[in-house]
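Here's the structure we're looking at; comments come further down.
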Amino acid sequence: MFSVITDTAARLWLLALLILWAGLLFGGFVLGKPDARRERRMPVWTRMASSLILVVAGWSWFWLGRESGAAEFALLIAIGMTLGLLGDLAMAGLLPIPQPVLGGIAAFGLGHVAYIAAAWRFGNAYGLDALEPRLAAWAAWLLVGLAGWYLAVFRGAALSAKPGFSEKPGLAEREKPGLSPGLSPGLSPLHWAALPYALLLAGTAGLATGLALQNAAFLPFALGAGLFLLSDLILAAQLFNGLRFKLIHDVIWLTYGPGQMLIVYAIGSGLRISAA
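Per our numbering, residue 7 is the first one in the sequence shown, and the count goes up by one each step.
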């Protein structure tokens with residue numbers, strides 16, 4: 007990961023950021039206190055700070071590789087991570103916007119547009135553009151995204167619209183930031199809007215996997231995109247269908263955070279391939 011960086015101080019800087027990120031994310035989980043619902047241990051500040059560290063790491067990778075052939079790849083990944091931080095701040099209710107969830111979805115969606123552009127353009131530039139692995143991986147992940155949306159979003163809403171459906175006790179009162187308290191049973195436009203968003207995230211995983219099938223150096227990129235999608239599907243099930251289990255919010259962050267880290271540090275793979 008760091009072998010492409012020849013400057014010792016720069017390598018230590020990137021390693022220090024990685025250690026700090028891990029300390030904030032996992033330390034927040036280990037040392038944090040469960041909330042009243044026992045759905046989260048991580049404090050808000052450690053979660054937001056861990057994402058901020060990844061933004062710093064992304065832009066550090068870009069600065070170190072600004073003269074390389076992977077400069078555009080690094081720039082797009084850094085932009086995507088920056089938009090991810092904005093999404094985190096929105097979802098945490100820390101930005102002065104009327105619909106935090108919708109704002110977060112918009113920010114994450116734009117971030118994934120940047121990730122997709124990074125994977126597509128880098129693959130084209132360095133011969134990792136074979137049609138078969140690209141198309142197969144993309145199609146497979148779209149199916150995963152569609153199935154995940156159906157299970158996490160559509161199925162529960164469709165069941166709730168059936169006559170005689172009785173919502174689980176307390177579901178209507180659960181906190182759903184940025185959504186109307188206690189969404190009406192059945193499918194809403196927001197449920198349908200979650201479908202293209204899920205497919206967008208699946209598209210990132212598909213293109214990243216297409217790169218990994220042609221060069222194993224991009225396996226962390228593919229894994230990171232897959233973890234991001236998994237995290238988002240758990241969050242969608244919680245927001246739209248009231249999924250609830252012990253430490254659900256920590257599970258979301260323990261998949262999302264490492265996913266973003268792997269995507270950001272995949273810049274090192276791009277730099278290594280471009281320098282070969």
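By construction, the Cβ of each residue, glycine as well, lies at the ideal position given by its N, Cα and C atoms.
Keep in mind it's a predicted model, so treat the numbers as computed, not measured.
Quiz item: alpha helix (DSSP H) containing P202: first to last residue?
Solution: Locating residue 202 in the sequence shown gives position 196, where the first residue counts as 1. Note, P202: alpha helix (DSSP H), P195 to Q220.
Quiz item: In terms of residues, what are the limits of the alpha helix (DSSP H) holding G274?
Solution: Taking the first residue of the sequence shown as position 1, residue 274 is located at position 268. Note, G274: alpha helix (DSSP H), I273 to A281.
Quiz prompt | N-terminal and C-terminal residue of the alpha helix (DSSP H) that M54 is part of | solution = In the sequence shown, the residue the question calls residue 54 occupies position 48. From DSSP, the alpha helix (DSSP H) with M54 extends over V50 to L70.
Quiz item: R53 and W259: beta carbons closer than 8 Å?
Solution: On the sequence shown, position 47 is the one that residue 53 refers to. On the sequence shown, position 253 is the one that residue 259 refers to. Yes, the pair counts as a contact, with Cβ atoms nearer than the cut-off.
Quiz prompt | Coarse secondary structure for M267, derived from DSSP in three states | solution = Here the question's residue 267 lines up with position 261 in the sequence shown. M267: helix per DSSP, three-state reduction.
Quiz item: Skipping 5 residues on each side, what residues in its chain have a beta carbon closer than 7 Å to that of M48?
Solution: Residue 48 sits at position 42 when you count from the first residue of the sequence shown. Closer than 7 Å at Cβ, skipping near neighbours: G34, F35, G38, D256 and W259.
Quiz item: Are the CB atoms of L207 and L235 nearer to each other than 8 Å?
Solution: What you label residue 207 is simply residue 201 of the sequence shown in a count that begins at 1. What you label residue 235 is simply residue 229 of the sequence shown in a count that begins at 1. Yes, Cβ-Cβ distance for L207 and L235 is below 8 Å.
Quiz item: Nearest-angstrom Cα distance between A218 and A228?
Solution: As a first step, residue 218 must be located in the sequence shown, where it is residue number 212. As a first step, residue 228 must be located in the sequence shown, where it is residue number 222. Each residue's alpha carbon lies about 7 Å from the other.
Quiz item: What do you get for P175, buried or exposed, if any count of 16 or more other CB atoms within 10 angstroms of its CB means buried?
Solution: Sequence index remark: in the sequence shown, residue 175 carries index 169 (1-based). With a pLDDT of 36 at P175, under the threshold of 50, the modelled position of that residue is not reliable, and the figure given next carries that caveat. The residue in question, P175, is exposed, as its Cβ has fewer than 16 Cβ neighbours within 10 Å.
Quiz item: What do you get for L268, buried or exposed, if any count of 16 or more other CB atoms within 10 angstroms of its CB means buried?
Solution: For the purposes of this step, residue 268 is taken as the residue at position 262 of the sequence shown. Buried is the call here.
Quiz item: Which term fits F114, buried or exposed, when burial requires 16 or more other beta carbons within 10 angstroms of its beta carbon?
Solution: Taking the first residue of the sequence shown as position 1, residue 114 is located at position 108. With 16 or more Cβ atoms within 10 Å of its Cβ, F114 is classed as buried.
Quiz item: What does a CB cutoff of less than 7 Å around L30 pick up in its chain, not counting 5 residues either side in sequence?
Solution: For the purposes of this step, residue 30 is taken as the residue at position 24 of the sequence shown. Around L30: T52, A55, S56 and I59.
Exercise. Sort L95, A96 and L239 by Cα distance to G293 and report the nearest one.
Key: Absent from the model: residue 293. The displayed extent of the chain is 7 to 282, so no value can be given.
Quiz item: Is it right to say T88 is buried, meaning 16 or more other beta carbons lie within 10 angstroms of its own, or is it exposed?
Solution: Indexing the sequence shown from 1 puts residue 88 at position 82. T88 is buried by the Cβ-count criterion.
Quiz item: What did DSSP end up calling S237 once you bin it into helix, strand or coil?
Solution: As a working mapping, residue 237 is identified with position 231 in the sequence shown. Three-state result, S237: helix.
Quiz prompt | Length of the line joining the Cα atoms of I3 and A84 | solution = Because the chain in this structure spans residues 7 to 282, residue 3 falls outside the shown range and cannot be described.
Exercise. Determine the direct distance from the alpha carbon of A243 to that of F160, and round the result to whole angstroms.
Key: As a working note, residue 160 is residue 154 in the sequence shown. As a working note, residue 243 is residue 237 in the sequence shown. Whole-angstrom Cα-Cα distance: 9 Å.
Practice problem: Let me know if E45 comes out buried or exposed under the rule of 16 or more other beta-carbons within 10 Å of its beta-carbon. | Solution: Here the question's residue 45 lines up with position 39 in the sequence shown. Flag for E45 reads buried.
Quiz item: Starting from E73 and walking both ways along the alpha helix (DSSP H), at which residues does that stretch end?
Solution: Translated into the one-based positions of the sequence shown, residue 73 becomes position 67. Segment: none, E73 is in no alpha helix (DSSP H) and carries neither H nor E.
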